Amino acid sequence: EFAGFALKLDEELNGLTLGGCGSGTVIDHVQIHLGKDDGIEIFGGSVDLQHVVITRAQDDSLDWDRGWRGDAQFIAIQQDAGGDNGLECDNWKTDNEAAPRSAPQLYNVTLIGSGDPGASQRGATLKEGTAGTIRNALFIDHPVESLDVKGPSTVVQIQNEALSVRNSLFFGAGSTGDQD
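Just so you know, we're using our numbering here: the sequence shown kicks off at 421 and counts up by one.
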């Protein structure tokens with residue numbers, strides 16, 4: 421609770437940071453509340469998440485990049501107006517062809533936005549050529565939009581069926597997303 425603090429401008433500590441953790445690592449029955457930056461950020465590896473609750477993170481709730489290939493199941497995210505994305509999904513920031521490609525599998529995910537029309541908040545931002553599977557998700561009250569797909573390398577992942585969102589429901593989705 422209340423994890424993290426600003427190291428310097430635009431560099432804060434996450435509620436939980438996982439860097440290169442292997443498949444033998446399982447994060448189970450954990451709650452992160454009111455962190456100063458991301459709730460959980462995963463840098464590569466294949467760590468698995470189960471029964472995780474992230475509430476009121478002040479940036480992204482669950483953020484992955486650099487080739488994370490783990491599984492996540494029974495994830496609940498609740499954002500307030502100060503939060504950004506429920507999910508921020510990246511591959512590699514400088515090289516969209518870097519390997520391994522981020523390709524986690526998420527099942528049974530609930531993402532509840534703030535519903536505040538003044539908040540700049542999305543359910544999930546998919547970018548930098550991430551791949552992955554999102555199934556049985558519930559997206560509720562994201563003022564900007566539920567899903568934001570950014571960049572041609574991410575679109576290629578969708579076209580190749582390496583990135584998909586299926587068997588999911590969307591309620592209270594905003595329609596004021598920017599055009600970048």
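Don't be surprised by glycine CBs; every beta carbon is placed ideally from N, CA and C. A quick note: this is a predicted structure, and the numbers were derived from the prediction, not measured.
Query, Result
"Could you tell me the distance, in whole angstroms, from the CA atom of residue 538 to the CA atom of residue 466?", "36 Å"
"Which parts of the region 430-466 are runs of the beta strand (DSSP E), unbroken and 3 residues or longer, counting only runs that do not cross its ends?", "436-439, 446-453 and 460-463"
"In the DSSP output, which residue or residues are listed as bridge partners for residue 505?", "542"
"Which residues in the same chain as residue 445 place their Cβ atom closer than 6 Å to its Cβ, once the five residues preceding and following it in sequence are excluded?", "467"
"Nearest to residue 497 by CA position, among 508, 488 and 487, is which residue?", "508"
"Using 9 Å as the threshold, is the C-beta distance between residue 576 and residue 552 below it?", "no"
"In angstroms with no decimal places, state the Cα-to-Cα distance between residue 435 and residue 572.", "31 Å"
"Please report the Cβ distance between residue 542 and residue 505, rounded to the nearest whole angstrom; I am assuming they are in contact, meaning their Cβ atoms lie under 8 Å.", "5 Å"
"From residue 599 to residue 579, what distance separates their C-alpha atoms?", "Because the pLDDT of residue 599 is 41, which lies under 50, any placement of that residue in the model is unreliable, and the number read from its coordinates should be weighed accordingly. Near 20 Å, if we compare the C-alpha coordinates of residue 579 and residue 599."
"So residue 432 and residue 457 are supposed to be a Cβ contact under 8 Å. How far apart are they, rounded?", "4 Å"
"Measure the alpha-carbon distance for residue 470 versus residue 529 and round it to whole angstroms.", "10 Å"
"Residues in its own chain within less than 7 Å of residue 455 by CB, not counting five upstream and five downstream?", "423, 424, 434, 435, 477 and 478"
"From the DSSP secondary-structure annotation, give me the bridge partner or partners of residue 565.", "542"
"Shorter than 8 Å, the distance from the beta carbon of residue 519 to the closest heavy atom of the ligand GDP, or not?", "This structure simply doesn't include the ligand GDP, nor any ligand for that matter."
"Where does residue 573 fall in DSSP's three states?", "helix"
"According to DSSP, simplified to helix, strand and coil, what is residue 470?", "strand"
"Any beta carbon from chain B within less than 9 Å of residue 457's own beta carbon?", "The chain inventory of the structure shown lacks chain B, comprising one protein chain alone."
"My assumption, with CB atoms under 8 Å, is that residue 534 sits in contact with residue 493. Please give the rounded CB distance.", "Incorrect: roughly 25 Å between the Cβ atoms, too far for contact."
"Report yes if the C-beta distance between residue 511 and residue 487 is below 9 Å; otherwise report no.", "yes"
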